[in-house]
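These protein sequences, in sequence, are chains E and A.
The opening residue of the first sequence carries number 88 in the numbering used here; numbering runs sequentially from there.
The opening residue of the second sequence carries number 88 in the numbering used here; numbering runs sequentially from there.
Every residue gets a Cβ at the ideal spot worked out from N, C-alpha and C, and that includes glycine.
Number of protein chains: 2
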Amino acid sequence: MRLAFEEVKKTMQEILIKHGCSQEKAEKVAHEMGRNSLEGTYTHGINRFARLVRNIEEGIVNPEADPETIAEFGGMVRIDGHLGLGVINAWYAMEQAIEKAKLHGIGLAALKNTNHWMRAATYGCQACDAGMAGICFTNTIPNMPTWGAIDSRLGNNPIVFAFPRKGGHLIVDAAMSQFSYGALELACLQGRKMPVDAGFDAEGNLTREPEAVIQSRRILPTGYWKGAAMSFLLDVFASACSGGNNVCQIGKLEGDEHGVSQIFLAINYKALVPEAEAERIAEDAVSDLLASQKDDKTHRITYAGQKAGEAKKDNQANGILVDERVWSEILSL
Amino acid sequence: MRLAFEEVKKTMQEILIKHGCSQEKAEKVAHEMGRNSLEGTYTHGINRFARLVRNIEEGIVNPEADPETIAEFGGMVRIDGHLGLGVINAWYAMEQAIEKAKLHGIGLAALKNTNHWMRAATYGCQACDAGMAGICFTNTIPNMPTWGAIDSRLGNNPIVFAFPRKGGHLIVDAAMSQFSYGALELACLQGRKMPVDAGFDAEGNLTREPEAVIQSRRILPTGYWKGAAMSFLLDVFASACSGGNNVCQIGKLEGDEHGVSQIFLAINYKALVPEAEAERIAEDAVSDLLASQKDDKTHRITYAGQKAGEAKKDNQANGILVDERVWSEILSL
Numbered sequence: 088m089r090l091a092f093e094e095v096k097k098t099m100q101e102i103l104i105k106h107g108c109s110q111e112k113a114e115k116v117a118h119e120m121g122r123n124s125l126e127g128t129y130t131h132g133i134n135r136f137a138r139l140v141r142n143i144e145e146g147i148v149n150p151e152a153d154p155e156t157i158a159e160f161g162g163m164v165r166i167d168g169h170l171g172l173g174v175i176n177a178w179y180a181m182e183q184a185i186e187k188a189k190l191h192g193i194g195l196a197a198l199k200n201t202n203h204w205m206r207a208a209t210y211g212c213q214a215c216d217a218g219m220a221g222i223c224f225t226n227t228i229p230n231m232p233t234w235g236a237i238d239s240r241l242g243n244n245p246i247v248f249a250f251p252r253k254g255g256h257l258i259v260d261a262a263m264s265q266f267s268y269g270a271l272e273l274a275c276l277q278g279r280k281m282p283v284d285a286g287f288d289a290e291g292n293l294t295r296e297p298e299a300v301i302q303s304r305r306i307l308p309t310g311y312w313k314g315a316a317m318s319f320l321l322d323v324f325a326s327a328c329s330g331g332n333n334v335c336q337i338g339k340l341e342g343d344e345h346g347v348s349q350i351f352l353a354i355n356y357k358a359l360v361p362e363a364e365a366e367r368i369a370e371d372a373v374s375d376l377l378a379s380q381k382d383d384k385t386h387r388i389t390y391a392g393q394k395a396g397e398a399k400k401d402n403q404a405n406g407i408l409v410d411e412r413v414w415s416e417i418l419s420l
Numbered sequence: 088m089r090l091a092f093e094e095v096k097k098t099m100q101e102i103l104i105k106h107g108c109s110q111e112k113a114e115k116v117a118h119e120m121g122r123n124s125l126e127g128t129y130t131h132g133i134n135r136f137a138r139l140v141r142n143i144e145e146g147i148v149n150p151e152a153d154p155e156t157i158a159e160f161g162g163m164v165r166i167d168g169h170l171g172l173g174v175i176n177a178w179y180a181m182e183q184a185i186e187k188a189k190l191h192g193i194g195l196a197a198l199k200n201t202n203h204w205m206r207a208a209t210y211g212c213q214a215c216d217a218g219m220a221g222i223c224f225t226n227t228i229p230n231m232p233t234w235g236a237i238d239s240r241l242g243n244n245p246i247v248f249a250f251p252r253k254g255g256h257l258i259v260d261a262a263m264s265q266f267s268y269g270a271l272e273l274a275c276l277q278g279r280k281m282p283v284d285a286g287f288d289a290e291g292n293l294t295r296e297p298e299a300v301i302q303s304r305r306i307l308p309t310g311y312w313k314g315a316a317m318s319f320l321l322d323v324f325a326s327a328c329s330g331g332n333n334v335c336q337i338g339k340l341e342g343d344e345h346g347v348s349q350i351f352l353a354i355n356y357k358a359l360v361p362e363a364e365a366e367r368i369a370e371d372a373v374s375d376l377l378a379s380q381k382d383d384k385t386h387r388i389t390y391a392g393q394k395a396g397e398a399k400k401d402n403q404a405n406g407i408l409v410d411e412r413v414w415s416e417i418l419s420l
């Protein structure tokens, strides 16, 4: 079924209010989760909403908590999320980073005790919409073994780099695992192999068989050993700069993932480089990339962020693609 | 052969002075290139020295140029490298970022018109030695196709995340190509396959055969489509924030790679979090990672940065491993 953004948003908003969120918070969370689906990130939009409500019921997410600034120095701010709504906390943190960047050129917010921020790219977009370049990353529960290991002690810690552009922001939003378990499960259901190595099988051999990886729990870091090392450093940055939980500590908390640590950077680059010059350089990079000669197996070449813009146009015109079972579960909440 | 660090450094220093470098610049460049080999990054130490001297002779690297601050705002600084020595410019830029971070908590230096910085991790270490966390990245000549493309329009743009630690800094230094052409050529010579996918063959199939990739020039981005998108964003950040060349423009310059753009970030996290607390969190992450259960095929589990420390100890005790042909070429310069 395809539903209008406003309907989706209104429904989720009312459910959040019923579950203890203020009008303002419910409106914001429903808006961003609706927007995630609108822009094609279905996994972290409507499809994840029932889990958020469950997390509120379980007491893992406190809908009444407000983020609190607990330390400041120059362009940096440290925030305690008090286990509140992940979207509210993350939005607040990037807003603080943007405010700091107005004064100091660059701003950093380190956020501890927060919850899942849904779509990582949201906060990169937020910086771009304020005319700034953004970087943000989060840690997660342990869900990926380090290179050469069997047991999962790393998170898949997504990172975002976002640069503003009139014709559509440039955004990469990359988890440090090559595939999520969600993607593996979907492929399993559809009887598909993954297009590239997805992890190790029980014998320790690289495999594209999703079922083998789901069973071994040995999902593959993005870029093999490189993503393992990168994931580790992102965890150390996020946890040590915020004084929050690292991946290991998150793994010791009972229940669904909560209490994660995040970093938000806003870069007011227009204070350094004339805006038209920066724009020309970025535009030139996009044109050059899109002029690539495609191989026979490729439908087309895209730039990072292009598909979100296209999904948005399509979903605005035709309604958001929603799974009926997902929607009927939401209506029962 | 194995040579003492001091001998290696002195020899390179004298050659640089003969080629127009000041005493001070020659000392610094020789020190860092020697240190790269000392710490196990042989490709960007002694092995690359003859190429640097050639670049000076060709006029691509101007040994007399000094980096110049051309714009400043709050914690940010924009620097023109005037095509000087890459190591001198990059060191200066990270120093500026560190100085800014002392005042503003976080500092960013955007450097344009610079040359190859040799080992990316050098500047992450530099931030760590100043008690700060560091991030830096560079763009390069076009040397990698984007996802689905045949021709190379992306750079392999390495990025570094570095966090200080008493027992050895935590550092990831990852290029956005899974392997360098240097690594593929070495494997070819040794008749080895690569351990994982290295690129596409002429028919557009993923392959571990180094020769097939060298011939197709279709090297693989780190994490397939993810590294392609990440590389693109790193290029846009580095070029647009510095007002410097993007990868496309670098590709249009005649001769060996020059005129690249770089970003340096220093994070004075101790101004936000008590030092002992940050230290405990990072140390806890290291211990947990090292407690991973290794698989049968793995010799051991290491943390990011560990091997550099071990190479240093070994090379300090026994001398730096130097290829005799490389050394005799250097002695003839």
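Buried/exposed call for M219 (chain E), threshold 16 Cβ in 10 Å: Numbered from 1 along the first sequence, position 132 holds the residue referred to as residue 219 (chain E). Burial call: buried.
Note down the Cα distance separating F351 (chain E) from W204 (chain E), rounded to an integer number of angstroms. Working through the first sequence from its first residue, we reach residue 351 (chain E) at position 264. Working through the first sequence from its first residue, we reach residue 204 (chain E) at position 117. Using only the alpha carbons, I get a separation of about 12 angstroms.
Rounded to the nearest angstrom, how far is the Cβ of V148 (chain A) from that of I102 (chain A), given a contact under 8 angstroms? Within the second sequence, the letter at position 61 stands for residue 148 (chain A). Within the second sequence, the letter at position 15 stands for residue 102 (chain A). Rounded, the Cβ-Cβ distance is 14 angstroms, inconsistent with contact.
Using C-beta distances below 7 angstroms, list every residue in its chain close to A315 (chain E), excluding the 5 sequence neighbours before and after it, in chain order. Taking the first sequence and counting its residues from 1, one reaches residue 315 (chain E) at position 228. Excluding residues within five positions, the ones whose Cβ falls inside 7 angstroms are T233, W234, L241, P308.
For V409 (chain A): DSSP bridge partner residues: In the second sequence, residue 409 (chain A) corresponds to position 322, counting from 1. Looking at the DSSP assignment, V409 (chain A) forms no beta bridge with any residue, so it has no partner.
Own chain residues within Cβ distance below 6 angstroms of A398 (chain E), not counting five before or after: Along the first sequence, one-based indexing puts residue 398 (chain E) at 311. Answer for A398 (chain E): E126, G127, listed in chain order.
Say whether the stretch 191-204 of chain E touches the stretch 173-181 of chain E, bearing in mind that this needs 3 or more beta-carbon pairs closer than 8 angstroms, one atom from each stretch. yes
In chain A, which residues lie less than 8 angstroms from P245 (chain E) when you measure between Cβ atoms? Locating residue 245 (chain E) in the first sequence gives position 158, where the first residue counts as 1. Simply none; closest approach about 10 angstroms.
Would you call the stretch 154-171 of chain A in contact with the stretch 185-197 of chain E, where contact means no fewer than 3 C-beta pairs closer than 8 angstroms? yes
Exposed or buried, P361 (chain A), counting other C-beta atoms within 10 Å across all chains shown (16 or more means buried)? Here residue 361 (chain A) refers to the residue found at position 274 of the second sequence. By the Cβ-count criterion, P361 (chain A) is exposed, with fewer than 16 other Cβ atoms from all chains shown falling within 10 Å of its own Cβ.
Below 6 angstroms CB to CB, which residues in the same chain sit around A353 (chain A) once its five sequence neighbours on both sides are set aside? The count along the second sequence starts at 1 and reaches residue 353 (chain A) at position 266. Here the set comprises A184, I185, A188, G194, A214, M219, G221.
Just the chain A side, please: which residues come within less than 8 angstroms of R165 (chain E) by C-beta, in chain order? Numbered from its first residue, the first sequence carries residue 165 (chain E) at position 78. Result: L359, V360.
Only counting the same chain, and skipping five residues up and downstream in sequence, which positions put a Cβ closer than 6 angstroms to that of A91 (chain A)? Position 4 of the second sequence, counted from the start, is the residue given in the question as residue 91 (chain A). Here A91 (chain A) has G406 as same chain residues with Cβ atoms under 6 angstroms from its own Cβ, once five neighbours each way along the sequence are excluded.
Would you say P232 (chain E) reaches chain A, if we count a Cβ-Cβ gap shorter than 8 angstroms as a contact? For the purposes of this step, residue 232 (chain E) is taken as residue 145 along the first sequence, with counting starting at 1. For P232 (chain E), the answer is yes, since a Cβ of chain A falls inside 8 angstroms of its Cβ.
E126 (chain A) - DSSP class collapsed to helix/strand/coil: As a position in the second sequence, residue 126 (chain A) is number 39, starting the count at 1. Here E126 (chain A) sits in coil by DSSP.
Could you tell me whether the stretch 276-286 of chain E touches the stretch 244-260 of chain E, where touching means 3 or more Cβ pairs closer than 8 angstroms? no
Given a cut-off of 8 angstroms on the beta-carbon distance, is the pair E119 (chain E) and T209 (chain E) in contact? Along the first sequence, read from residue 1 onward, the residue named residue 119 (chain E) stands at position 32. Along the first sequence, read from residue 1 onward, the residue named residue 209 (chain E) stands at position 122. In this structure, T209 (chain E) lies closer than 8 angstroms to E119 (chain E) by Cβ.
Does the beta-carbon distance from I368 (chain A) to N230 (chain E) come in below 8 angstroms? Residue numbering aside, residue 368 (chain A) sits at position 281 when the second sequence is read from its first letter. Residue numbering aside, residue 230 (chain E) sits at position 143 when the first sequence is read from its first letter. No, they are not a contact pair.
Taking beta-carbon pairs under 9 angstroms, can you tell me which members of the stretch 392-404 of chain E lie near chain A? G392
Alpha carbon of Q265 (chain A) to alpha carbon of I306 (chain A), nearest angstrom: Here residue 265 (chain A) refers to the residue found at position 178 of the second sequence. Here residue 306 (chain A) refers to the residue found at position 219 of the second sequence. About 8 angstroms.
C-beta atoms of S415 (chain A) and A372 (chain E) nearer than 8 angstroms: Position 328 of the second sequence, counted from the first residue, corresponds to residue 415 (chain A). Position 285 of the first sequence, counted from the first residue, corresponds to residue 372 (chain E). No, they are not a contact pair.
Count the other CB atoms, across all protein chains shown, that sit within 10 Å of the CB of M88 (chain E); report buried if there are 16 or more and exposed otherwise. Numbered from 1 along the first sequence, position 1 holds the residue referred to as residue 88 (chain E). It is exposed - the Cβ of M88 (chain E) has fewer than 16 other Cβ atoms within 10 Å.
Alpha helix (DSSP H) runs contained entirely in the stretch 189-261 of chain E, provided each spans 4 or more residues: 208-216
Rounded Cβ spacing between A236 (chain E) and S374 (chain A) (contact assumed at less than 8 angstroms): Counted from its first residue, the first sequence places residue 236 (chain E) at position 149. Counted from its first residue, the second sequence places residue 374 (chain A) at position 287. Not confirmed; about 14 angstroms, so no contact.
Contacting positions in the stretch 188-205 of chain E - beta carbon closer than 7 angstroms to chain A: L190, H191, G192, I193, L195, A197
So what's P154 (chain E) in DSSP terms, helix, strand or just coil? For this step, residue 154 (chain E) is matched to residue 67 along the first sequence. Note: P154 (chain E) maps to coil in three-state DSSP.
If you measure beta-carbon to beta-carbon, which residues of the stretch 306-318 of chain E are closer than 7 angstroms to chain A? In summary, the residues of the stretch 306-318 of chain E whose CB is separated from some CB of chain A by less than 7 angstroms are T309, G310, Y311, K313, G314, A316, M317, in the order they occur in the chain.
Around the Cβ of D383 (chain A), are there at least 16 other Cβ atoms within 10 angstroms (buried) or fewer (exposed)? For the purposes of this step, residue 383 (chain A) is identified with residue 296 of the second sequence, where counting begins at 1. Burial call: exposed.
Who are the near neighbours of G132 (chain A) in its chain, counting only those whose CB is closer than 6 angstroms to its CB and skipping five residues on each side? Looking up residue 132 (chain A) in the second sequence gives position 45. Cβ neighbours of G132 (chain A) beyond the five flanking positions: M120, N123, S124.
Check whether chain E comes within 8 angstroms of D375 (chain A), counting only Cβ atoms and requiring the distance to be less than that. Counted from its first residue, the second sequence places residue 375 (chain A) at position 288. Chain E, which has a Cβ nearer than 8 angstroms to the Cβ of D375 (chain A), makes this yes.
Look at the Cβ atom of A207 (chain A), then the Cβ atom of D260 (chain A), and state whether they are nearer than 8 angstroms. Residue 207 (chain A) sits at position 120 when you count from the first residue of the second sequence. Residue 260 (chain A) sits at position 173 when you count from the first residue of the second sequence. Yes. Within cutoff.
Local conformation of G338 (chain E) per DSSP, three classes: Within the first sequence, residue 338 (chain E) is the residue found at index 251, counting from 1. Note: G338 (chain E) maps to helix in three-state DSSP.
Tell me the rounded alpha-carbon separation between I337 (chain E) and P150 (chain E). Locating residue 337 (chain E) in the first sequence gives position 250, counting from the first residue. Locating residue 150 (chain E) in the first sequence gives position 63, counting from the first residue. Distance between the alpha carbons of I337 (chain E) and P150 (chain E): 20 angstroms.
Compare the C-beta of Y390 (chain E) with all C-beta atoms of chain A and state if any pair is closer than 8 angstroms. Residue mapping note: residue 390 (chain E) aligns to position 303 of the first sequence, counting from 1. Answer yes: the Cβ-Cβ gap between Y390 (chain E) and chain A drops below 8 angstroms somewhere.
Here's the rule: buried if 16 or more other CB atoms are within 10 angstroms of the residue's CB, otherwise exposed. What is E182 (chain E)? Here residue 182 (chain E) corresponds to residue number 95 of the first sequence, with the count starting at 1. So E182 (chain E) ends up on the buried side.
Cα separation between E114 (chain A) and M99 (chain A)? Taking the first residue of the second sequence as position 1, residue 114 (chain A) is located at position 27. Taking the first residue of the second sequence as position 1, residue 99 (chain A) is located at position 12. Spanning the two alpha carbons is a distance of roughly 8 angstroms.
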